[in-house]
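Novice:
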Amino acid sequence: MSYLKSTFRHPESPKNDLGYTQANYEGALSTLCAGCGHDSISNSIIKACFELSLEPHRIAKMSGIGCSSKTPAYFLSNSHGFNSVHGRMPSVTTGANMANRDLTYIGVSGDGDTASIGMGQFMHLVRRNLNMVYIVMNNGVYGLTKGQDSATADVGSASKKGVPNMYEPMDLCELAISLGSGYVARSFSGDKEQLVPLIKGAIKHNGFALIDVVSPCVTFNNTPNSTKSYEWVRDHKEATGTFDLVPHEQEITVQAPKDKTESITLHDGSVINLQRQPGSLDVRCRESVLQALEEAKQNKQVLTGLLHLNTDSSNTHEIINTCDAPLNTLGEKELCPGSAVLEAINESLR
Amino acid sequence: MATPRIEAVNDFVIRFANVNGTGSASANNMFSKAVFRMGVPVSPKNIFPSNIQGLPTWFEVRVTEKGYMGSRGDVDFVVAINGQTMKQDYETLMPGGYFMYDSTKALPREFKRDDVIEIGIPLTQMCIDNYTNPRQRQLFKNIIYVGALAYLFDMEFEVLTGMVKDQFAKKEKLIAPNIGALELGFNYAKEHFEGVCGLSVSRRDNVGDSIMIDGNSATGLGAVYGGATFAGWYPITPSTSVVEAYEKYANKFRKDENGKNKFAILQAEDELSAMGMAIGGNWNGARSFTATSGPGLSLMSEFIGLAYFAEIPVVLIDVQRSGPSTGMPTRTQQSDVISAAYASHGDTKHVLLIPCDPAECFEMTATAFDVADRLQTPVIVLSDLDLGMNDHVSRPFKWDDDRKYDRGKVLTAEDLDNMQERWGRYKDVDGDGIGYRTYPGTHPTKGSYFTRGSSHDEYAAYTEDSSVYEANMERLVKKWDTAKEVAPRPQIKYRDKDSKVAAIFYGTSAQASYEALDGLEEEGTKINTCRIKSFPFHPDIGKFIEEHDTIFVIEQNRDAQMRTLLINEFNTGTERLRSILNIDGMPIRARRIKRKIERMLNGEAVSPFTTVNSSGEGVEA
C-alpha cells in the first residue's frame, strides 16, 4: 500500500472536450487493501466520466457504509460526496435528486449495504425509477467487520473462514429487472473494457441504472472455494455481447458490422451499439433475460454485460410532474403564496 | 329531582357518543362550527379509535364564552347514539346534566339516575318514516339530533342552514334534504321539550377575527409558506394529515406556468427512508421535511444523529401520540420530549419548537426551516394529536410579504472565488460554531467536500485524531449556545412579582393550565407562568426557576419528561420543580389541574397524576 499519491502526470495526457485530463477526475489515495477489486471500479468510474466529458462538479457521489462506500473519496474529488448511513444511500440520493434534477447521481454500495441492511430501500428506489447510476461492488463478504458472508454469497461458496455459505443468494440484477429497472448490467471489476462502457451507458440512461460488479475481496474472499474470487469469475464469466456507447455529442468511433450490431438510441440522443452473437440474448425482453440468468446460474456461469435495457421508462420526476427548474433554485418569489392569499385562507376558516 | 338542573349560557360541555364510520363527525363539526359562527369560542375534541368502522367514538364540544380552549373536564350534556357505550355515557354525566338518546327503543331498566334529565328523540323511527335509502337513514340521524340541539340551546337556526348551504355549495341537491333533517329535529324538540334545557348558546362577539382549523393543516400550510419544496414521508397517525395538507395547499399555490409542480412529495417505504430523503433534499439545498409520530421518531433516530453530526439542516414534524411502542395511536400525549431532544446515539441534542395552537403551528413550521438552515442542524416541531387533529379557535395566520427566507451560511461560486483563505466546511470562522456550506454543483473546482457521519476535521476529511474530534464536538456545543438565541423565547407572565409560586408548561398543556391558574387567581392565589416554546432552553427559563420556591411543571406524560430535561439542562430544581401529570390519552383538563394545585399548596401528599389509575391513585374528590 502506498502512503502518498504521486502528483506527476504526463504533460501530454489526452484532454477531453472540456479540456480536462483524466487526472481532473481522480480522487484521494485509496486506503483499501492492495489489489481490492473496488479500486479498479473506481478507476472505471473515473475513465467513464472523463470520456463522457462530464463536469465533475455536476456529479454527486453517494454511498452508504462499508468498504465499497468509502470509494467515493477515491474518485472525482471535485464532486460533492455523501457517505451516509448503512443501507440508506437510496433514500438520501432520492432526496438529493428531488432537490436538483440536473445533477448526475452516482451511488456506490456494497452487497451488505444493498442486499441486507439496505434491501428495502434498494427495492423501493428501483420501483420509483430514480434517475441515477447504482453500482454495487459485490464481493459476497463483509470486509470491515472481517469476513462474514453477505446475502449475495452463493450456496456452498466459502470465504477465508472456510465455512461454506448455507443460504440462498440474492441476485440483485434479477430483482432490479423484476422491479422494472430499465438498465441492468453485471460486470467484473477486472474487466475494464466491459465495465467502462457499461458505466457510460448507465449515466446516459434516463432512470434507474444498476451495475452489479463482482469485485473480489483479496483479503477475505479470494479463496479457491469462493465464487467471488478472481480466478473463479475469470473462468466462469460469460458475456451477453460486447457493448459500446456513443454519446450524442461525439462522432461514432466504433463501427461494428451491421448484421451483428443493434443500435439503441437513448433519451438524450446517445446511441448504444450492442454487438450480439447470433442467437444470443435479447436484452430488451425481460422474460428471456430472467430465464437466461437462471440458466447461467445452473451452469455455474456468471452472465455479464448489459442484461436488460428499456429506454421507454419515466423517471421519478417525470412520474410526479416536477417542474423543470431544480427545486433548490426556487426562492420566496416562486414558493411563497404571500399575505393576500393567506388572508383569503383565513376568511375561509371563519 | 333532588339535584337542580345545570344552567349555563355559553359555558358547558357536550359530548356526542357515536359509532365510528357513520358520518357523525361532519354533523358534530357542523354543531361546533355553528357555535363559533355565533361569535362564541368553542373547543371540539374528537376522541376516536384506531379503527375505520364500528368502534365507539366520541366528540366533545366545549362552549366557552371566556375562550378557554383547553379541556375543562366533566360533561353537562350527552348525545348518546352508540348502544355499546350508552351505559358508560349515562354514568359519566354530571349531576343535573342532560341525556339525549334515541327513544325508538325505551331506555333499559338499569338507567335509573334521578339526577339527570332524559331527552328521548326517536331518531331511528324518524329516519325510517322520512327516508327510504339506508345510507340516508344513517346520515340524517346525525343531522336530526343537531336540529334538536339547535332548539334546546336556543341557537340561531339560520346559522345552521347557512352552514349546510356552504358545505354543499357544489352539491346543491343535498341542501334541501339536510335542512329538512335539521327541521325535523328542531320541530320534534320544540314539540316535546319546551323549556326543558337550561343550557343555551347566545350570540356574542367574542371570537374577533379568529379562525378555526386543526394544527396539522396549519403545519402543512406553514411548510408551503416556509418554502419547503420536498416532503418524504410515511403515513402514521396522527401526523398523516400534515403532509396531506401540505399537498393540498401546494397543489393550489405551487404550480408553474406549465402546470408542473414547484414541489415534490414521495411516500417512502418507511420512516427511515422518509428521514433519509428529507436529509438528502436539504443537503442539496432544497428545503425538505418529514412528519411522523413516536414510532417513526424512534426509527428516524439514526438519521437524526447523522444530520446533527454532518450538520445538515432538516425539519421534522413530530405529532406526538400515546406511547410507548404502538401505545394508544389515536390518543394524545406529550411523551416524545426526551427522545426528541436527545434523539440518536452518541452525544446529540436537537432544537425543538413547541407550538400550542394552530397559529403557532403555522409560524413555527415556517420558522423551523429558517432555524434549521441557520444552525445547519435538525429542528423538530413538537406538536401532538390534540393540537394536530382537532379544530381549534386560533388567531388568524399572518405573513409579512417582506420576509426573506434565511438560508444560513451558504457560499456561492462568487464567494468561493473571492475567498482569500482555504475554505473548510466545518471551520468556525465567525465564532458562533457554524461553518459555511456549499451546495453540490456550485463551482467547477472549489467548494466540493465529502459529507460523512464519521469523525471529520475542519475540511471534512476523515480523522481519528482525538484532539481534532474533541475540538469538533466542542464546536457543536458552541453552536448549541448560538441556538439559544435563535429559537423562540419562552412566554413568561408574572401575575405577582413577589409570588414564590410558579408554573411551567408547554404545547397543549398551556390552555388548560392558564385556565386553572385564572381560577386560582380569582380565589386569591397568584401563580406566575412560563410557557416553554423551544429547546435549547433560553437562560430566562433558568432565571425564572431560581426566582420561585415552588414551580409546578404541568405536562402530559408519565415520567415528567420536561421536568427531567429542565433539571438536566439547568442542574437545579429537583426539590422545587413539582409535577402535575396527565397520561390517560385525553387532553389535560383545567378543573383537575386546579384541584391538584390547591391540594399540593395545601400541603397534602398527593400523586402527581390528574387522572384515575387502577390503584385509585390520582382520583379526584
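Chain order of the listed sequences is Y and U.
Take the first sequence: its letter number 309 is residue 292 in my numbering, and every next letter is one higher.
Take the second sequence: its letter number 98 is residue 101 in my numbering, and every next letter is one higher.
C-beta atoms are modelled at their ideal positions from N, C-alpha and C, and glycine is treated no differently.
Quick one: which chain U residues come within Cβ less than 7 Å of S161 (chain Y)?
Specialist: Here the premise fails: no neighbours, minimum Cβ distance about 17 Å.
Novice: Grab the span of the alpha helix (DSSP H) containing E315 (chain Y) for me, first residue to last.
Specialist: Its alpha helix (DSSP H) spans residues 315 to 318.
Novice: What three-state label does DSSP hand W61 (chain U) in the structure shown?
Specialist: Of the three classes helix, strand and coil, the one that applies to W61 (chain U) here is strand, per DSSP.
Novice: Comparing C-alpha positions only, which one of Y:P180, Y:A279, Y:Q274, Y:N208 sits nearest to V254 (chain Y)?
Specialist: Comparing Cα positions, the closest option is Y:P180.
Novice: Report the option in Y:K211, Y:Y117, Y:I160 whose CA atom is closest to the CA atom of S142 (chain Y).
Specialist: For the residues Y:K211, Y:Y117, Y:I160, the minimum Cα distance to S142 (chain Y) belongs to Y:K211.
Novice: Quick one: is P180 (chain U) near chain Y, going by C-beta distance under 7 Å?
Specialist: With 7 Å as the cut-off, P180 (chain U) does not count as an interface residue toward chain Y.
Novice: Between the segment 294 to 301 of chain U and the segment 228 to 242 of chain U, do at least 3 Cβ pairs fall closer than 8 Å?
Specialist: With a cut-off of 8 Å, the segment 228 to 242 of chain U and the segment 294 to 301 of chain U count as touching, because enough Cβ pairs lie within range.
Novice: By the three-class DSSP mapping on this structure, what secondary structure does D92 (chain U) have?
Specialist: Three-state result, D92 (chain U): helix.
Novice: Closest to G391 (chain U) by C-alpha separation, out of U:L202, U:N574, U:S220, would be which residue?
Specialist: Of the listed residues, the one whose Cα sits closest to G391 (chain U) is U:S220.
Novice: For S347 (chain U), decide whether its Cβ has a neighbour in chain Y, counting only Cβ atoms nearer than 7 Å.
Specialist: It does not; no Cβ of chain Y falls within 7 Å.
Novice: When you compare only the Cα positions, how much space is there between G606 (chain U) and R579 (chain U)?
Specialist: The straight-line gap from Cα to Cα measures roughly 14 Å.
Novice: According to DSSP, simplified to helix, strand and coil, what is E526 (chain U)?
Specialist: Three-state result, E526 (chain U): coil.
Novice: Mind checking which residues open and close the alpha helix (DSSP H) that includes S205 (chain U)?
Specialist: Looking at the DSSP string, S205 (chain U) is not in any alpha helix (DSSP H), and its letter there is neither H nor E.
Novice: Cutting at 6 Å between CB atoms, please list the residues of its own chain near S35 (chain U), excluding the five before and the five after it.
Specialist: Excluding positions up to five away in sequence, the list reads V45, P47, V64.
Novice: Please list the partners that K263 (chain U) has in chain Y, where partner means a Cβ-to-Cβ separation under 8 Å.
Specialist: Ordered by position in chain Y, the residues that pass the 8 Å Cβ test against K263 (chain U) are N304, T305, C306, D307.
Novice: Is the CB of P320 (chain Y) under 7 Å away from at least one CB in chain U?
Specialist: With 7 Å as the cut-off, P320 (chain Y) counts as an interface residue toward chain U.
Novice: Using C-beta distances below 6 Å, list every residue in its chain close to F266 (chain U), excluding the 5 sequence neighbours before and after it, in chain order.
Specialist: Closer than 6 Å at the Cβ level, and outside the excluded window around F266 (chain U), lie T232, A253, R257.
Novice: Leaving out five residues on either side along the sequence, give the residues of the same chain with a beta carbon under 6 Å from the beta carbon of I235 (chain Y).
Specialist: Its pLDDT being 32, under 50, I235 (chain Y) is placed unreliably by the model, and nothing is read from it.
Novice: Pull up the distance between the alpha-carbon of A281 (chain U) and that of H40 (chain Y), whole angstroms please.
Specialist: Answer to the nearest angstrom: the Cα atoms are 22 Å apart.
Novice: Within 10 angstroms of its Cβ, does V237 (chain Y) collect 16 or more other Cβ (buried), or is it exposed?
Specialist: Note that V237 (chain Y) has pLDDT 31, beneath the 50 cutoff, so the model's placement of it is unreliable and no number is given.
Novice: Whose C-beta lies closer than 6 Å to the C-beta of K481 (chain U) among residues of the same chain, with five residues either side of it excluded?
Specialist: Only G436 meet the Cβ criterion.
Novice: With burial defined as no fewer than 16 other Cβ atoms inside 10 Å of the residue's Cβ, what is the status of R324 (chain U): buried or exposed?
Specialist: By the neighbour-count rule (16 or more Cβ atoms within 10 Å), R324 (chain U) is buried.
Novice: My output table needs one value for W402 (chain U): the three-state DSSP class, helix, strand or coil.
Specialist: Correct three-state label for W402 (chain U): coil.
Novice: Strictly below 8 Å CB to CB, what residues from chain U border Q104 (chain Y)?
Specialist: E272, L275, S276, G279, listed in chain order.
Novice: So T225 (chain Y) is in the beta strand (DSSP E); what residue range does that whole segment cover?
Specialist: 225 to 229 is the extent of the beta strand (DSSP E) around T225 (chain Y).
Novice: Return the Cβ separation of F226 (chain Y) and G288 (chain Y) in integer angstroms, given the expectation that the two are a contact with Cβ distance under 8 Å.
Specialist: About 6 Å separates the two Cβ atoms, so the contact holds.
Novice: Along the chain, where does the alpha helix (DSSP H) that runs through W215 (chain Y) open and close?
Specialist: Note, W215 (chain Y): alpha helix (DSSP H), 213 to 219.
Novice: Could you tell me which whole alpha helix (DSSP H) segments of length 4 or greater appear in the segment 312 to 373 of chain U?
Specialist: The segment 312 to 373 of chain U contains these whole alpha helix (DSSP H) runs: 340 to 344.
Novice: Within 7 Å (strictly less), CB to CB, does S99 (chain Y) reach chain U?
Specialist: For S99 (chain Y), the answer is no, since every Cβ of chain U falls outside 7 Å of its Cβ.
Novice: Provide the residue span of the alpha helix (DSSP H) that contains L162 (chain Y), from first to last.
Specialist: Neither: L162 (chain Y) is in no alpha helix (DSSP H) and is coded neither H nor E.
Novice: Determine, using beta carbons only, whether H21 (chain Y) comes closer than 7 Å to chain U.
Specialist: No, no contact with chain U.
Novice: For the segment 51 to 84 of chain Y, which residues have a CB atom closer than 8 Å to at least one CB atom of chain U, in sequence order?
Specialist: Residues P55, A56, S60, N61, S62, H63, G64, F65, N66, S67, V68, R71, P73, S74, V75, T76, T77, G78, A79, N80, M81, A82, N83.
Novice: Within 7 Å of any Cβ in chain Y, is that where the Cβ of E601 (chain U) sits?
Specialist: So, not an interface residue.
Novice: Spatial neighbours of E34 (chain Y) within its chain, please: C-beta separation below 8 Å, excluding the five flanking residues on both sides.
Specialist: Excluding positions up to five away in sequence, the list reads N(-1), V179, K183.
Novice: With a cut-off of 7 Å, does the C-beta of A289 (chain U) fall near any C-beta of chain Y?
Specialist: So, interface residue.
Novice: Check the C-beta distance from I24 (chain Y) over to V197 (chain Y) and give it rounded, since I have them as a contact under 8 Å.
Specialist: About 10 Å separates the two Cβ atoms, so there is no contact after all.
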